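To start, the structure under review is shown below, and the notes come after it.
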């Protein structure tokens, strides 16, 4: 049965509109997936930086525990916020000292702090940190606080705090 010219004119362009609507729906879906992927990458980066902060803090706490003869009686490991002067992550900024020779406990504490500062500068963006001592009935409690800015100016500074009794 032949198609009349009149019915052909009424149906022309309907398929094109359906394709256009399908393309619109697909493009909205793709934009949603891109947004989801972007958020996923941001959260992954945040988790990575927090993990780095915990690793650096635990490393410093282990260094304090190893030097117990000094850390249990003196304040050599105390560092205030904004006292960290090492903000470079370059080979010449790497602290040397106690790796090849013997050090006194006080020299080891100074070396440990320089190592910690170097790790903060290299692994955490715009970082700062402090080490404090709190007295308790069971002994000294060391509190290591690390602050870093991973927000690219959108969120406040992040803070990771590690507390441990000596």
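Numbering (the UniProt record's numbering), first residue to last: 1 to 166.
Even glycine gets a Cβ: it sits at the ideal position worked out from N, Cα and C.
Owing to the predicted nature of the structure, the values given are computational and were not obtained by experimental measurement.
Residue range of the unbroken beta strand (DSSP E) whose run includes residue i
i, result
"residue 136", "128-136"
"residue 159", "158-165"
Segment limits, alpha helix (DSSP H) that includes residue i
i, result
"residue 142", "Not the alpha helix (DSSP H): residue 142 falls in the beta strand (DSSP E), residues 139-148."
"residue 122", "105-123"
"residue 69", "68-71"
DSSP three-state assignment for residue i, whether helix, strand or coil
i, result
"residue 34", "helix"
"residue 213", "Because residue 213 is not part of the residues shown, which for the chain are 1 to 166, the question remains open."
"residue 100", "coil"
"residue 19", "helix"
"residue 92", "helix"
"residue 74", "coil"
"residue 151", "coil"
Distance between beta carbons of residue j and residue i, contact taken as under 8 Å
i, j, result
"residue 129", "residue 120", "5 Å"
"residue 145", "residue 159", "6 Å"
"residue 141", "residue 163", "6 Å"
"residue 112", "residue 63", "4 Å"
**Prompt:** Does the count of Cβ pairs from the region 115-124 and the region 40-57 closer than 8 Å reach three?
**Reply:** Taking 8 Å as the limit for Cβ pairs, the verdict is that the region 40-57 does touch the region 115-124.
**Prompt:** Is the number of C-beta pairs between the region 32-43 and the region 93-109 that are closer than 8 Å three or more?
**Reply:** Too few Cβ pairs lie closer than 8 Å, so no.
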